[in-house]
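These notes are about the structure you will find just below.
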Amino acid sequence: MAKQILSFTVNDEPVDVLVQPYVTLLDALREDLELTGPKEGCGTGDCGACTVHLDGKPVASCLMLAMQARGHAVRTIEGLGAIGALHPLQDAFVRLGVPQCGFCIPGVLMAAAAVLAETKHPTEEDIRYGIAGNLCRCTGYTKMIAAISEAAAAR
Amino acid sequence: MSSVMKTTRDVRGIGLSIPRPDGPEKVTGRVQYVADIKPKGLLHAKLLRSPHAHARIVSIDASKARALPGVRAVLTAADIPELKRKAPTRAHAVLAIDRAVFAGQPVAAVAADEPSIAEEALDLIEVQYEVLKAAVDPLESMKPGAPPVADTGTEADTSEALAHSAVAMAKSDDNPAKAVNVSQTAHVKRGDVAKGFAESDVVIENTYRVPMVHQGYLEPHAVLAEWDSTGQLTLWASTQGSFNTRSEVADVLGIEENRIKVIPVECGGGFGGKIRALCEPITALLARATGRPVRYVMTRREELEAGMPAPQVIIRLKTGVKRDGTLMALEAETVLETGAFSGTVLAVAAVFLGSLYRWPAFDIKGSEVLTHKPSVAAYRAPVAPQTIFAIDSQMEQLARKLGVDSAEFRARHLSHPGEPMVNNQPWASMGAPEVLQKAAEHPIWKARAEWKASGGNGHGLRGTGLSLGGWLGGLQPTGATVRLNPDGTLAVLTGQVDIAGTNIALAQIAATAYGVDIEKVKITTGDTDVAPVTGLSAGSKTIYTVGVAVMQAAQDARKQTLEIAAGELEAAVQDLEIVDGRVVVRGVPDRGVTLASIGKKGNLYMSKIPPVLGSAHPAFTQQAPAFAAQIARIEVDPDTGEVKLHDFVTVQDVGKAINPLAVEGQMQGGAVQSLGMAMTEALTYDDRGRLTNPSLLDYRKLTAADLPNLETIIVEVPSPAGPFGARGVGEPPIIPAPAAIANAIHDATGCRLTELPLTPERIALALLAH
Amino acid sequence: MRRFDLATPHNVDDCLKLLAERGTETKLVAGGTDLLPQMKNGLIHPARVIDLSGVPEVHVLAADDGRGVRVGAAVTARQLERDTRIQSAYPSLAESGALVGSIQVRNLATVGGNICNAAPSADMAPPLVALDAEAVIAGPSGRRRVPMAAFFTGVRRTVLAPDELLLEFSIPAPGPHSGGCYLRHTPRRELDIAVVGVASQLTLANGVCAKVRICLAAVATTPVRATAAERALEGQRPTPELIEQAATLAIEAAKPISDQRGSVEFRRHLVRVLTRRTLTTALARASA
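Sequences listed follow chains D, F and E, in order.
The opening position of the first sequence corresponds to residue 28 in our numbering, with each subsequent residue numbered one higher.
The opening position of the second sequence corresponds to residue 6 in our numbering, with each subsequent residue numbered one higher.
The opening position of the third sequence corresponds to residue 17 in our numbering, with each subsequent residue numbered one higher.
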């Protein structure tokens with residue numbers, strides 16, 4: 028099985044990378060592009076740790092073949108904000124003490140960013156449903172909701 | 006740019022809600038977990054696992070797998086002479102030798118260039134099994150004649166119980182015709198229960214059942230192993246205890262601990278499931294066989310099928326009281342299903358059943374039972390949620406039968422510090438009465454009659470439930486050092502894996518004990534080569550033990566600093582204080598020296614001033630029990646049995662909240678694990694011992710859409726020995742929810758459910774039968 | 017996953033040629049939300065996978081010349097959830113799409129994948145059956161249309177031949193005074209799978225039910241119409257008492273098994289509850 032060229036945009040940069048046809052988008056991002064922010068928590072779309080944006084929409088990257096991203100724009104947590112220039116969501120998460128073990132956080136932030144992009148004034152229910160696809164075992168979600176609400180209101 | 010809270014002049018850090026310093030790395034995806042580390046030449050490991058719960062391994066032919074291009078090593082037990090024939094613990098059972106004792110047990114291991122190639126190699130390994138009868142149900146497995154699980158001579162493994170919470174419990178003297186799969190027994194009694202029941206006016210008996218559950222950490226087990234040319238093994242591990250991992254791996258592989266370095270990588274959740282070694286030995290063996298770094302990451306399916314879950318617990322509980330509410334007698338039989346290897350904390354169940362309330366007569370028997378299932382490990386307050394589910398449900402029912410307020414009933418009979426536990430040791434200082442009182446004062450509890458009355462009429466059935474539980478608290482010796490840097494900042498070194506955000510609290514403790522602002526303190530978690538010996542990040546004991554070590558080391562460093570300054574300033578140590586980075590004579594602010602100058606002098610060529618290096622290495626004897634109460638306000642759809650959780654409150658005694666922000670996070674996280682155990686989670690097995698729900702679709706953890714905001718109320722009843730009075734925080738919040746939810750369902754529907762999880766099906770069918 | 021070749025056709029004809037070559041060792045992938053988990057679990061190991069993401073014909077979502085709507089096989093659950101035309105005219109389909117998995121899954125999961133995977137619990141099947149939709153299938157000898165009620169032949173089995181490609185669903189406009197609803201029971205609010213699902217669709221004429229369709233999920237080897245319940249309502253005024261009768265009759269169509277997701281007893285009970293609730297909502301929508 029020969030590798031194929033995957034041409035797409037990642038975090039606003041055009042990328043051409045050789046990938047095996049049988050790897051997932053998550054694996055290609057992590058292993059071939061060294062973007063290890065998105066995580067594998069289950070591999071079957073049941074936990075949200077692998078959430079990235081595909082053309083602005085949150086998707087489970089463990090369920091996509093890498094080649095299915097050809098011609099599309101992907102954004103990972105690395106493309107949301109950086110230390111020293113945090114996205115308001117990231118900043119709110121830090122200040123409100125949201126991350127504990129941190130494993131779910133990249134996925135949650137990408138899901139939350141999609142909620143904010145879609146809804147100007149999200150209610151608590153909007154936010155809870157917006158991150159309902161992201162399992163967290165450490166935090167109980169309450170501080171996440173508060174941080175996302177705060178970031179939404181601050182816009 | 007994030008803003009970190011500044012400390013005040015008076016209080017350096019204790020009691021301040023300071024966000025974790027690694028927050029920015031975590032929110033930008035820059036923190037590295039084991040699966041993110043990719044050294045040159047990395048190989049990927051996969052394990053072939055037995056599909057049968059109990060089988061003899063007749064033959065293994067790995068030749069086709071070895072021949073697959075890209076495969077670098079295939080190991081079976083025949084290739085590993087170190088494997089002990091009788092594996093004393095699960096970690097020693099690296100690969101099955103001639104028998105598989107649970108479905109999912111590793112039988113062969115592959116290292117290959119790509120994970121896909123490794124998977125294909127597994128397909129090519131031909132194993133002949135002779136399927137044997139399996140012991141699957143613990144109550145059946147206890148009976149004589151059940152298929153035996155353990156190799157004869159395997160001792161019941163009590164190391165887990167001791168590590169996790171130091172409970173002294175007499176071994177059972179009874180030795181009935183010992184059923185072959187009963188690996189531990191315990192028996193405590195006091196008084197005459199038969200007489201007690203005879204004199205009771207109300208006797209309630211129920212059997213409570215809690216299935217095996219998985220700790221549910223988001224990051225699966227992961228380890229990276231590499232040997233260097235001198236025979237030194239380095240393990241990058243997702244672990245709750247790097248020193249424990251080192252010891253276990255050394256024992257399994259039969260090599261000296263000095264030959265192993267364990268680097269604790271950021272751990273994506275453990276909750277007790279990552280205390281014991283699991284994948285490290287086989288990964289190390291693959292690395293040795295290939296001469297290359299090998300990384301093994303469990304899939305979620307493997308975690309659910311072959312992790313180390315919490316045991317199934319079955320408790321038959323009989324309690325008798327007089328009409329006036331006097332407690333008369335308690336009788337209990339507890340069965341803890343431990344899977345294929347012994348390792349439950351059997352004694353803890355007895356302690357909480359019989360010691361939380363004052364029973365004049367009790368008779369409590371416990372059995373640990375082996376079955377052909379994956380063996381268990383700890384899960385955040387092991388066995389306490391299941392035990393409190395039983396005793397608290399029972400107390401609630403007794404109160405209702407007597408027609409009295411159930412919170413008052415609990416308060417009336419609650420044990421107090423100094424009173425004897427079932428093992429005759431006195432209860433240490435604990436805040437259970439204060440926690441219960443605070444919960445009973447909560448508006449949601451006080452309004453429960455109105456809430457119930459508002460049910461129906463377009464709403465579901467409404468109810469409120471309360472429960473109280475606690476944890477004794479673990480103990481383990483530990484060490485820490487505190488150095489003064491040449492610029493006046495402090496470097497603190499521990500070996501403590503920072504899972505719960507304890508590092509920031511340790512920094513607050515060090516800053517306060519030494520006398521500097523918290524920005525001047527750096528906490529380093531060292532690997533096993535450089536750090537002082539450190540215990541597990543478990544047992545709610547990190548702040549309680551490591552906090553003390555850090556405090557004492559900081560105090561030691563402060564003492565050394567003041568002594569040096571006293572020499573410089575020609576003053577008495579007791580007249581000196583540390584203010585704003587300087588040591589000054591009290592009341593004479595221009596007579597002082599900077600901390601930086603002291604730090605520099607200790608590092609100068611030809612200097613006579615020693616470097617300031619504070620250290621402490623305490624051991625502990627005094628536990629600090631910590632209690633939590635939870636209140637649930639629910640609404641039940643009478644047709645589907647679905648429960649909507651409107652409000653959920655956790656009240657918890659933390660002794661002293663070093664960092665309230667972190668404490669709240671622990672309370673909320675523990676609450677959701679508790680609610681999951683109460684409402685949705687169970688590992689379910691078929692009658693051949695195979696897991697029927699090996700995915701997160703059917704092993705249901707609660708999502709943000711299933712939950713309300715979780716209210717937290719911190720109570721502070723200082724512990725005598727904890728740093729600044731602190732108690733362990735991590736475990737109590739996982740304990741009360743199952744009983745609170747069961748009590749709420751009873752309030753709403755009149756149905757008393759005694760088997761977890763309290764699913765819509767169980768509730769709906771109970772209502773239909775009501 | 018084990019290794020495989022990947023083909024990325026640009027149109028339906030290329031796709032059919034690829035299917036004709038190695039039909040049974042080949043799997044089609046669109047959203048991948050059922051296929052990839054099955055491959056990762058080792059349940060299937062195709063030698064080749066054909067990616068539909070570059071085939072425009074299966075992504076259509078458009079009005080069908082005023083006679084209804086065409087929903088391409090690769091239209092996602094999220095699209096169905098959010099499309100205003102689907103929400104207003106075919107609410108049961110929008111509701112079923114909204115319930116699949118989570119947002120991250122719905123942005124990938126396709127209606128065609130849900131239908132072709134043909135799990136008894138497939139959420140989008142009952143609405144399509146209740147709406148009298150037809151599947152439009154392309155094969156070596158041309159196109160054919162199959163009513164959704166006849167599409168499923170067993171657990172994970174459909175009328176599709178290995179060399180055929182499901183193109184789209186053709187859903188007729190329900191007509192005035194119509195309403196539909198899909199509900200399912202799950203233990204969690206999201207990320208879950210139906211224990212029982214029910215779609216009800218009805219059209220009123222002068223206050224009586226001119227047409228009734230009730231389709232059940234997860235209570236038989238395939239989605240199944242509750243025909244006895246339908247007959248009880250057809251031509252009648254749908255009073256609450258009659259709806260309750262119909263809900264009880266719906267149980268007759270169910271042949272559920274007991275598995276870890278639900279027992280026979282609970283599933284039968286839920287059929288009645290969800291049939292009652294979906295009929296009530298469908299009626300309210302039809303009367304609005």
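We treat Cβ as the ideally placed atom computed from N, Cα and C, and that holds for glycine.
Since we're looking at a predicted model, the values are computed, not measured.
Locate the beta strand (DSSP E) running through W232 (chain F), then write down its first and last residues.
Position 227 of the second sequence holds residue 232 (chain F). Element bounds for W232 (chain F): A227 to W232.
What does a CB cutoff of less than 7 Å around A165 (chain E) pick up in its chain, not counting 5 residues either side in sequence?
On the third sequence, position 149 is the one that residue 165 (chain E) refers to. V145 and R241, listed in sequence order.
Determine, using beta carbons only, whether K84 (chain D) comes closer than 9 Å to chain C.
Structure shown: chain C not included; protein chains present are D, F and E.
Mind checking who H192 (chain F) pairs with in its DSSP beta bridge?
Sequence index remark: in the second sequence, residue 192 (chain F) carries index 187 (1-based). Partner(s): F:K370.
Here's a check: name, in chain order, each residue in its chain whose Cβ is nearer than 7 Å to the Cβ of G70 (chain E), leaving out the five neighbours to either side.
Counting from 1 along the third sequence, the entry for residue 70 (chain E) is found at position 54. Within the same chain, G70 (chain E) has close Cβ partners T24, P25 and H26.
Is the Cβ-Cβ distance between R305 (chain F) and C74 (chain D) less than 9 Å?
Counting from 1 along the second sequence, the entry for residue 305 (chain F) is found at position 300. Counting from 1 along the first sequence, the entry for residue 74 (chain D) is found at position 47. The answer is yes: Cβ separation under 9 Å.
Whose Cβ in chain F lies nearer than 9 Å to the Cβ of L232 (chain E)?
In the third sequence, the residue the question calls residue 232 (chain E) occupies position 216. Neighbours of L232 (chain E) on chain F: none; closest Cβ ~16 Å, over 9 Å.
Can you tell me whether H421 (chain F) is buried or exposed, with buried defined as 16 or more other CB within 10 angstroms of its CB?
Walking along the second sequence from the start, residue 421 (chain F) turns up at place 416. The residue in question, H421 (chain F), is exposed, as its Cβ has fewer than 16 Cβ neighbours within 10 Å.
If the cut-off is 8 Å on Cβ atoms, which residues from the region 252-265 of chain E count as contacting chain F, listed in chain order?
Taking 8 Å as the Cβ-Cβ cut-off against chain F, none of the residues of the region 252-265 of chain E qualify.
Which term fits N462 (chain F), buried or exposed, when burial requires 16 or more other beta carbons within 10 angstroms of its beta carbon?
For this step, residue 462 (chain F) is matched to residue 457 along the second sequence. With fewer than 16 other Cβ atoms within 10 Å, it is exposed.
What first and last residue would you give for the beta strand (DSSP E) that runs through D66 (chain F)?
In the second sequence, counting from the first residue as 1, residue 66 (chain F) sits at position 61. Element bounds for D66 (chain F): A60 to D66.
If the cut is a Cβ gap below 9 Å, which residues of chain F does E206 (chain E) touch?
Taking the first residue of the third sequence as position 1, residue 206 (chain E) is located at position 190. The contacting residues are T708, A709, A710 and D711.
Cutting at 6 Å between CB atoms, please list the residues of its own chain near G64 (chain D), excluding the five before and the five after it.
For the purposes of this step, residue 64 (chain D) is taken as residue 37 along the first sequence, with counting starting at 1. If we look at G64 (chain D) and ignore the five residues flanking it on each side, its Cβ neighbours are T103, I104, E105 and P133.
Using 9 Å as the threshold, is the C-beta distance between P111 (chain F) and L229 (chain F) below it?
By one-based count along the second sequence, residue 111 (chain F) stands at place 106. By one-based count along the second sequence, residue 229 (chain F) stands at place 224. No.
Can a CB atom of chain E be found closer than 9 Å to the CB of I639 (chain F)?
Here the question's residue 639 (chain F) lines up with position 634 in the second sequence. Chain E contact via Cβ: absent.
By the DSSP assignment, the alpha helix (DSSP H) with A412 (chain F) in it spans what residues?
Taking the second sequence and counting its residues from 1, one reaches residue 412 (chain F) at position 407. First-last of the alpha helix (DSSP H) with A412 (chain F): S411 to H418.
Using a Cβ cut-off of 9 Å (strictly closer), state whether S724 (chain F) contacts chain D.
Against the second sequence, residue 724 (chain F) aligns to sequence position 719. No - not a single Cβ of chain D is within 9 Å of the one on S724 (chain F).
Near G735 (chain F), what residues of its chain come up, given a Cβ to Cβ distance below 6 Å and the 5 sequence neighbours on each side ignored?
Against the second sequence, residue 735 (chain F) aligns to sequence position 730. If we look at G735 (chain F) and ignore the five residues flanking it on each side, its Cβ neighbours are A505, S545 and Q671.
Closest by CA to L207 (chain E), which one among F:V115, F:E261, F:I750 and F:A710?
The residue given as residue 207 (chain E) occupies position 191 in the third sequence. The candidate whose alpha carbon is nearest that of L207 (chain E) is F:A710.
Under the criterion of a Cβ to heavy atom distance below 8 Å, does D54 (chain D) qualify as lining the ligand NAD?
The ligand NAD is absent from the structure shown, which contains no ligand whatsoever.
Per DSSP, W476 (chain F) is paired with what?
Walking along the second sequence from the start, residue 476 (chain F) turns up at place 471. Paired residues: F:A631.
Would you please verify whether the beta carbon of D73 (chain D) is less than 9 Å from any beta carbon of chain E?
Residue 73 (chain D) sits at position 46 when you count from the first residue of the first sequence. So, interface residue.
State the DSSP-derived secondary structure class of E271 (chain F), mapped to helix, strand or coil.
Along the second sequence, one-based indexing puts residue 271 (chain F) at 266. E271 (chain F): coil per DSSP, three-state reduction.
I think G465 (chain F) touches D642 (chain F), with their Cβ atoms under 8 Å apart; what is that distance to the nearest whole Å?
Residue mapping note: residue 465 (chain F) aligns to position 460 of the second sequence, counting from 1. Residue mapping note: residue 642 (chain F) aligns to position 637 of the second sequence, counting from 1. The pair is a contact, with the Cβ atoms about 5 Å apart (cut-off 8 Å).
Could you tell me the alpha carbon to alpha carbon distance between P728 (chain F) and I32 (chain D), rounded to whole angstroms?
Taking the first residue of the second sequence as 1, we reach residue 728 (chain F) at position 723. Taking the first residue of the first sequence as 1, we reach residue 32 (chain D) at position 5. The straight-line gap from Cα to Cα measures roughly 58 Å.
Quick check on D179 (chain E): buried or exposed, where buried means 16 or more other Cβ atoms within 10 Å of its Cβ?
Locating residue 179 (chain E) in the third sequence gives position 163, counting from the first residue. By the 10 Å Cβ count, D179 (chain E) comes out buried.
In chain order, which alpha helix (DSSP H) runs of at least 4 residues are fully inside the region 83-147 of chain F?
120-129 and 143-146, all fully within the region 83-147 of chain F.
Assign A380 (chain E) to one of three DSSP states: helix, strand, or coil.
One cannot answer for residue 380 (chain E) here, as it falls past the ends of chain E, which runs 17 to 304.
Excluding five sequence neighbours on each side, which residues of the same chain lie with their C-beta closer than 8 Å to the C-beta of L107 (chain D)?
Working through the first sequence from its first residue, we reach residue 107 (chain D) at position 80. Excluding sequence neighbours, L107 (chain D) sits near H114, L116, Q117, L136, M137 and A140.
My understanding is that I187 (chain E) touches L147 (chain E), with C-beta atoms under 8 Å, so please give their C-beta distance in whole angstroms.
Within the third sequence, the letter at position 171 stands for residue 187 (chain E). Within the third sequence, the letter at position 131 stands for residue 147 (chain E). Contact flag correct, Cβ pair sits at about 5 Å.
Sorted by chain position, which residues of the same chain lie with C-beta nearer than 8 Å to W432 (chain F)'s C-beta, five sequence neighbours on each side aside?
As a working mapping, residue 432 (chain F) is identified with position 427 in the second sequence. Contacts found: S360, S420, H421, P422, G423, E424, P425, M426 and P630.
Are the region 494-504 of chain F and the region 547-554 of chain F touching by the rule of at least three beta carbon pairs closer than 8 Å?
Because the criterion of three Cβ pairs below 8 Å is met, the region 494-504 of chain F and the region 547-554 of chain F touch.
State the Cα-Cα distance for the pair H59 (chain F) and A289 (chain F), rounded to the nearest angstrom.
Locating residue 59 (chain F) in the second sequence gives position 54, counting from the first residue. Locating residue 289 (chain F) in the second sequence gives position 284, counting from the first residue. Each residue's Cα considered, the two are about 27 Å apart.
Does DSSP put D54 (chain D) in a helix, a strand or coil?
Translated into the one-based positions of the first sequence, residue 54 (chain D) becomes position 27. Helix at D54 (chain D).
Closer than 7 Å by beta-carbon distance: list the chain E residues that pair up with A769 (chain F), in chain order.
What you label residue 769 (chain F) is simply residue 764 of the second sequence in a count that begins at 1. Those within 7 Å of A769 (chain F) in chain E are F282 and H285.
Strictly under 9 Å for the Cβ-Cβ distance: is L403 (chain F) near chain E by that measure?
The residue given as residue 403 (chain F) occupies position 398 in the second sequence. Not closer than 9 Å to any Cβ of chain E, the Cβ of L403 (chain F) fails to qualify, so no.
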